[in-house]
Amino acid sequence: METVFFYLFGGIALLAAINVVVQQKVFYSAISLIICLCAVAALYLALESYFIAAVQVIVYAGAIMVLFLFVIMLLDPFSAAILRDKKKYLGYLAGLLGVMALALLIPLLKSYNLAQAPRNPEFIGAGPGSIEHLGQVLFSEYLVPFEVTSILILVAIIGVVVLAKRQS
Amino acid sequence: MGLLHYLVLSMLLFIVGAVGFIIKKNVISVFLCLELMLNAVNLSFVAFSKHLNQVHGQIFVFLVMVVAAAEAAVGLAITIVLFRNRNTLNVDDADTMKW
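Protein sequence lines, in the order shown, are assigned to chains A and B. Read in order, the letters of the first sequence correspond to residues 1 to 168 in this note's numbering. Read in order, the letters of the second sequence correspond to residues 1001 to 1099 in this note's numbering.
Right, here's the structure in full:
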């Protein structure tokens, strides 16, 4: 089972990575990279790193890649053109996907009961790969690097605002 | 699946990213290949974390992601300024500091 999982998602990640390089349009490269990042997140799940997998999807494939796509849309005239040309068809597709996601999520959320939710001790509890252990190590042994990265992010925010501001 | 499988996959992803980093001409494509290389290294960190049964590798991945986010934000701001000043995204056109 794990072997199939590894080869499936490893293959998807590798093919998507090759597509990032082969693709001529930078918009399609970015979409391929999102697929590659999600496949690697699935591999993190196979490696029992649940927190890192969630952060990979939310921060990497979510926030960072959306930033990339914003800039691609802003600078690349081709990207704006694809969205204009296929707008109708893409809108219907997005609506269909949204309805499908709702139809899947509503019964799931209705049946969800926090009191009866399975508590996997490996996932929450005291195992070496658990989220609790990760948090404890992060906020004790690695407290100084953690605080330094927050300063790094502050510096990056200020730098980006200064750089991107139009000098008059 | 052993450690070796994940390391080989990580190596292949890194090589693909490195090749793209060298051959791509568009600044944003170069950035995407950079993200690919960071991601490949993250995969090997997590594989070692599982293999050694320690959590430190995952913390490294967390810090790498923070640095990648900061790097992407600053790099894209530089790209926007480059496009505004030179009206091009080709890396070969921005070679003032090359020699």
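C-beta atoms are modelled at their ideal positions from N, C-alpha and C, and glycine is treated no differently. If you're wondering where the values come from, they're calculated on a predicted model, not measured in any experiment.
Just to check my reading of the structure: residue i and residue j have Cβ atoms closer than 8 Å, yes? What is that Cβ distance to the nearest angstrom?
| i | j | result |
| --- | --- | --- |
| L1014/B | V1041/B | The identity of residue 1014/B in the sequence shown is Phe, whereas the question assumes Leu. Confirmed, about 7 Å. |
| F1021/B | V1030/B | 6 Å |
| K1025/B | V1091/B | 6 Å |
| L33/A | E1035/B | 6 Å |
| A41/A | Q56/A | 4 Å |
Against chain B, does residue i count as a neighbour if the rule is that its beta carbon must be under 7 Å from one of theirs?
| i | result |
| --- | --- |
| S29/A | yes |
| I52/A | yes |
| V26/A | yes |
Considering residue i, what are the terminal residues of the alpha helix (DSSP H) in which it resides?
| i | result |
| --- | --- |
| Y7/A | E2 to V22 |
| H1075/B | This sequence places Gly at residue 1075/B; His is not what is there. Note, G1075/B: alpha helix (DSSP H), H1056 to R1086. |
| V148/A | L143 to A164 |
| V137/A | I131 to S140 |
| L1004/B | L1003 to I1023 |
| A54/A | Y50 to V55 |
| M169/A | Nothing in the structure corresponds to residue 169/A, since chain A is present only between 1 and 168. |
| V26/A | V26 to A46 |
Please tell me whether residue i has its Cβ less than 7 Å away from any Cβ of chain A.
| i | result |
| --- | --- |
| I953/B | No answer is possible for residue 953/B: it lies beyond the span of chain B, which begins at 1001 and ends at 1099. |
| M1097/B | no |
| A1072/B | yes |
| A1069/B | yes |
| L1004/B | no |
| M1011/B | no |
| V1030/B | no |
| L1007/B | no |
Mind checking who residue i pairs with in its DSSP beta bridge?
| i | result |
| --- | --- |
| N1090/B | N1026/B |
For a contact defined as C-beta to C-beta under 7 Å, what are the partners of residue i on chain E?
| i | result |
| --- | --- |
| L47/A | The structure shown has no chain E; the protein chains it does contain are A and B. |
**Asked** Using a beta-carbon distance cut-off of less than 7 Å, what residues from the region 1035-1049 of chain B approach chain A?
**Response** E1035, L1036, N1039, L1043, V1046, A1047 and S1049
**Request:** Report the residues of the region 1074-1093 of chain B with a CB closer than 9 Å to any CB of chain A, ordered along the chain.
**Result:** V1074, L1076, A1077, I1078, T1079, I1080, V1081, F1083, R1084 and L1089
**Message:** At a CB distance below 7 Å, what residues from the region 130-152 of chain A approach chain B? Give them in sequence order.
**Reply:** H133, L134, V137, L138, Y142, P145, T149 and L152
**Asked** In chain order, what residues of the region 65-78 of chain A put their CB closer than 9 Å to some CB of chain B?
**Response** M65, L67, F68, F70, V71, I72, L74, L75 and D76
**Prompt:** Can you list, in chain order, the residues of the region 98-111 of chain A whose Cβ is nearer than 9 Å to any Cβ on chain B?
**Reply:** none
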